[in-house]
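Chemist:
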Amino acid sequence: MSSEIKCPVCEKWSIRTGKIDDRCPNCNAQFDAVRLQYAEENRINAEKIKKDSYLIIKEGDDPVVQMFKEFVNWLRWATFYGISVIYVAIAVMIIVYGLIML
Ligand SMILES: [Zn+2]
1 MSSEIKCPVC
11 EKWSIRTGKI
21 DDRCPNCNAQ
31 FDAVRLQYAE
41 ENRINAEKIK
51 KDSYLIIKEG
61 DDPVVQMFKE
71 FVNWLRWATF
81 YGISVIYVAI
91 AVMIIVYGLI
101 ML
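Residue 32 in my numbering sits at position 32 of the sequence shown; the count goes up by one each step and never skips.
1. Run through DSSP, which three-state label would Ile15 get?
2. Can you pull the DSSP bridge partners for Lys6?
3. Give the straight-line distance between the Cα atoms of Val34 and Glu40, rounded to the nearest whole angstrom.
4. Just the C-alpha distance for Pro8 and Asp22, rounded to the nearest angstrom, thanks.
5. Starting from Arg23, follow its DSSP beta bridges and name the residues at the other end.
6. Residue range of the alpha helix (DSSP H) that Ile90 falls in?
7. Put Glu59 into one of helix, strand or coil per three-state DSSP.
8. Tell me whether Ala33, by its Cβ, gets closer than 7 Å to a heavy atom of ligand 1.
9. Mind checking whether the beta-carbon of Phe65 lies closer than 7 Å to any heavy atom of ligand 1?
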């Protein structure tokens with residue numbers, strides 16, 4: 001199956017042959033190498049966003065700001081783990097309820 005692919009380097013369209021070492025006929029850029037690089041960049045960006053979602057508490061911060069940041073971080077952590085805890089609690093309740101009924 002062949003499909004058209006836009007070269008990420010020179011932005012010219014060409015027909016893909018489906019081979020791993022597909023190259024752009026215009027600039028000879030290897031499509032898959034570029035695609036892998038894109039995937040890697042996306043992964044790094046996703047990790048960066050994840051890290052940035054937590055507020056970093058700096059030494060020079062105002063004590064009120066530090067407390068606020070700690071609270072926000074705690075809230076995010078609690079939200080994430082809170083959901084898991086609720087699921088476990090429901091499971092335990094079902095088991096306990098089942099034992100009482102026996
Ligand atoms: Zn090209």
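Cβ coordinates follow ideal geometry from the N, Cα and C atoms, glycine included.
Modeler: In brief:
1. In the sequence shown, counting from the first residue as 1, residue 15 sits at position 15. The DSSP-derived three-state label of Ile15 is strand.
2. Within the sequence shown, numbered from 1, the residue matching residue 6 stands at position 6. Bridge pairing for Lys6: Trp13 [DSSP].
3. Here residue 34 refers to the residue found at position 34 of the sequence shown. Here residue 40 refers to the residue found at position 40 of the sequence shown. Computed Cα separation, rounded: 10 Å.
4. Reading the sequence shown from its first residue, position 8 is the one you call residue 8. Reading the sequence shown from its first residue, position 22 is the one you call residue 22. Straight-line Cα distance between these residues: approximately 13 Å.
5. Locating residue 23 in the sequence shown gives position 23, where the first residue counts as 1. Its beta-bridge partners are Gln30.
6. As a position in the sequence shown, residue 90 is number 90, starting the count at 1. Segment Pro63 to Met101, the alpha helix (DSSP H) holding Ile90.
7. Working through the sequence shown from its first residue, we reach residue 59 at position 59. Look at Glu59 here: in three-state DSSP terms it is coil, with no helix or strand label.
8. The count along the sequence shown starts at 1 and reaches residue 33 at position 33. It does not: the Cβ of Ala33 is nowhere closer than 7 Å to a heavy atom of ligand 1.
9. Your numbering for residue 65 matches position 65 in the sequence shown. First, the residue type needs correcting, since residue 65 is Val and not Phe in the sequence shown. No, since every heavy atom of ligand 1 falls outside the 7 Å radius drawn around the Cβ of Val65.
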